[in-house]
Each structure stands twice: as C-alpha cells, then as structure tokens.
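**Student:**
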Amino acid sequence: DGGITQSPKYLFRKEGQNVTLSCEQNLNHDAMYWYRQDPGQGLRLIYYSQIVNDFQKGDIAEGYSVSREKKESFPLTVTSAQKNPTAFYLCASRPSGGGNNEQFFGPGTRLTVL
Amino acid sequence: KQEVTQIPAALSVPEGENLVLNCSFTDSAIYNLQWFRQDPGKGLTSLLLIQSSQREQTSGRLNASLDKSSGRSTLYIAASQPGDSATYLCAVRPISSGSARQLTFGSGTQLTVLP
Chain A
1 DGGITQSPKY LFRKEGQNVT LSCEQNLNHD AMYWYRQDPG QGLRLIYYSQ IVNDFQKGDI
61 AEGYSVSREK KESFPLTVTS AQKNPTAFYL CASRPSGGGN NEQFFGPGTR LTVL
Chain B
1 KQEVTQIPAA LSVPEGENLV LNCSFTDSAI YNLQWFRQDP GKGLTSLLLI QSSQREQTSG
61 RLNASLDKSS GRSTLYIAAS QPGDSATYLC AVRPISSGSA RQLTFGSGTQ LTVLP
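Chains as they are written, first to last, in our numbering: chain A, 1 to 114; chain B, 1 to 115.
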C-alpha cells in the first residue's frame, strides 16, 4: 500500500532531551512537510523540503531541525531548545510537477514532555 | 500575511440535519482551498480541493463552495450522520507560497452529530 508512515505514534520526552520523529513515504513525492498542531488550533508549518538535500524553515522552525538525505524520508528532531514541544506533529508530502497538487498527510506523532 | 478563520469552533447537530461550516481568509490571492477531515488523534484526510478558478466541488453528501473575491468558503454536509463527527479544517494555498506550496490552515470546526 502506498502512503505516509510516522513513528512512533506516541513519544515521551524528558526535559533537556532531543528526540527524533520519523516520517517515511513511498509515494515517490518530491516535497515533504512537517506541521505542528496544538489543541484547538490549526496546523503550523515547521520545515519543508522540495527536493533531496534541501530544506527550508517554516513559520515556527526555532528549536527544530530536519534532514533530507533520501527522497522517502524526512525526519524531524525536536531539540532541547524547543521550549514547549508538547504537541501533535504531522508529516505531509506532495507530488512534484506543476498544478495544484494536494498534500497527503501521515497519521501523526503525539509528543509529550514529562 | 494570510489568515484563515473558521466559525463556529464547535457545532452539535441532530442526525439527519443539513449543515454548513464556514471558512474565511484575508487574502484573496490563493491558488486553491482545501477542506480536510480530522478524527481524534489522527492525521488529515482530504475531502475536497477547489481551484481558485472554480466556484464549487462536490463529493457525495459534501459540497464546498468558494467565493474568492469575498474571501469565503463553505462546506455543506447533507443529511448528517454520526459518522460525520470529526474536526473539519480548511486550508488555503497562498500565491505568496510560491514553489513551496505550503498551506495556511484555519483552527477547525469540531462537529458532533447526535444520534
């Protein structure tokens, strides 16, 4: 089955720790995105990547880092510099090429700081 | 900066009722508008995408309209069912997003359909 997978589904972090959230897609999409969702709020863009080995900051990149070494993978690291990391994190991907292509979303990872 | 607002934040209706969810955006310079459904603790499922040149899109019991000049979109759900209970999010792709094509989201309307 084609799709986007995120792991783990739930993640607990102690203060001061870095954690990495996984996002994998087998849709052959070039572009990938990371969003953060807080309760009762919409999604806010953290980072995005349009092509392998390239990525750009979104609206709330501080305290986060990403890499894009493979087309299929776009992991997100939440660093200790992120002051309020407890949230629901969603990864998305989009086909390349022209046109107004939809973004497809993964099932999300819920991160809780203890 | 583009802002997207959804009103109401929450809505409860009895089963069988027709309902309308509202979405407004501040900058009419958009490529498209998309409606998503989100179940609790889950990812987003795309329901309808309306290109900026279109006025509406339909899928089954769902109909979405777009009035770009006034910065408004509505999602109409006919004959609502308990299974429609979820949070509905709208998102626009601003022209200013360029090749990145990132979306700007509203905060959603949480819909509960009572049996």
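Cβ coordinates follow ideal geometry from the N, Cα and C atoms, glycine included.
Here the structure is a predicted model, which means the values were calculated and not measured.
Consider the Cβ of B/L89: report whether some Cβ of chain A lies at a distance smaller than 8 Å.
**Tutor:** It does: the Cβ of B/L89 has a partner Cβ on chain A nearer than 8 Å.
**Student:** Please list, in chain order, the chain A residues whose beta carbon lies closer than 8 Å to that of B/Q102.
**Tutor:** Y33, L45, Y48, G58
**Student:** Using DSSP with H/G/I as helix, E/B as strand and the rest coil, what is B/P82?
**Tutor:** helix
**Student:** Just to check my reading of the structure: B/R93 and B/I50 have Cβ atoms closer than 8 Å, yes? What is that Cβ distance to the nearest angstrom?
**Tutor:** Not a contact, Cβ separation roughly 11 Å.
**Student:** Distance, Cα to Cα, A/V78 vs A/Q56?
**Tutor:** 16 Å
**Student:** Of all the options A/S7, A/L11, A/S49, which has the alpha carbon lying nearest to the alpha carbon of A/V66?
**Tutor:** A/S49
**Student:** Say whether chain A places a C-beta atom closer than 8 Å to the C-beta of B/V4.
**Tutor:** yes
**Student:** Note down, in chain order, each residue of its chain lying with its Cβ closer than 6 Å to the Cβ of A/K71, except the 5 sequence neighbours on either side.
**Tutor:** Within the same chain, A/K71 has close Cβ partners V52.
**Student:** Buried or exposed for A/T112, please, with buried defined as at least 16 other CB atoms from any protein chain shown within 10 angstroms of its CB.
**Tutor:** With fewer than 16 Cβ atoms within 10 Å of its Cβ, A/T112 is classed as exposed.
**Student:** Note the first and the last residue of the continuous beta strand (DSSP E) segment covering B/A9.
**Tutor:** Note, B/A9: premise wrong, no beta strand (DSSP E); not H, not E.
**Student:** Would you please verify whether the beta carbon of A/R110 is less than 8 Å from any beta carbon of chain B?
**Tutor:** yes
**Student:** How many angstroms separate the CA atom of A/P8 from the CA atom of B/G98?
**Tutor:** 32 Å
**Student:** Taking the straight line between their C-alpha atoms, what separation do you get for A/I60 and B/I7?
**Tutor:** 25 Å
**Student:** Does the beta-carbon of B/I95 have 16 or more other beta-carbons within 10 angstroms, so that it is buried, or is it exposed?
**Tutor:** exposed
**Student:** For A/F12, does the count of other Cβ atoms within 10 angstroms reach 16, so buried, or fall short, so exposed?
**Tutor:** With a threshold of 16 other beta carbon atoms within 10 Å, A/F12 falls short and is exposed.
**Student:** Quick one: does A/P107 have its CB under 8 Å from some CB of chain B?
**Tutor:** yes
**Student:** Among all the DSSP beta bridges, which residues are the ones paired with A/E24?
**Tutor:** A/T5, A/S73
**Student:** I'd like to know whether the C-beta of B/L116 is nearer than 8 Å to at least one C-beta of chain A.
**Tutor:** For residue 116 of chain B there is no data in the structure shown, the boundaries of chain B being 1 and 115.
**Student:** Please list, in chain order, the chain B residues whose beta carbon lies closer than 9 Å to that of A/Q41.
**Tutor:** F105, S107, G108
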